[in-house]
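**Student:**
In this note's numbering, the protein residues as written are 178 to 266.
#1: Helix, strand or coil: which one does DSSP assign to residue 228?
#2: On a CA-only basis, which of 227, 233, 210, 219 is nearest residue 241? Give me that one, please.
#3: Helix, strand or coil, according to DSSP, for residue 189 in the structure here?
#4: Please work out which residues of its chain come closer than 6 Å, Cβ to Cβ, to residue 191, disregarding the five sequence neighbours upstream and downstream, and give them in chain order.
#5: For residue 216 and residue 235, what's the separation of their Cα atoms in angstroms?
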């Protein structure tokens, strides 16, 4: 049993075995650290984990902005991410 391949708007996830995490590189955008990984969890029933607040499959991009070595760059990237997310709503 597998979760289907899916594009979350920024990242493509391949078919993933049920009950496991999928890891892919962060998108090549100025707000993200491309050396880090985005992850998504494939539930035991073969569906992607759903964000209970939005009702859609959840991709965790936290490491893309949280693991910056330079605190100034990290804050700038978080601000850009917030602005980008706000513009999408």
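We put the CB at the ideal spot given by N, CA and C, even for glycine.
All figures in this text were calculated on a predicted structure; none of them were measured in a lab.
**Tutor:** To lay it out plainly:
#1: The count along the chain shown starts at 1 and reaches residue 228 at position 51. In the structure shown, residue 228 sits in coil (DSSP, three-state: anything other than H, G, I, E or B).
#2: What you label residue 241 is simply residue 64 of the chain shown in a count that begins at 1. For the residues 227, 233, 210, 219, the minimum Cα distance to residue 241 belongs to 210.
#3: Start at 1 with the first residue of the chain shown, and residue 189 comes out as number 12. DSSP places residue 189 in strand when its eight states are reduced to three.
#4: Position 14 of the chain shown, counted from the start, is the residue given in the question as residue 191. Result list for residue 191: 182, in chain order.
#5: Here residue 216 refers to the residue found at position 39 when the chain shown is read from its first residue. Here residue 235 refers to the residue found at position 58 when the chain shown is read from its first residue. Each residue's Cα considered, the two are about 9 Å apart.
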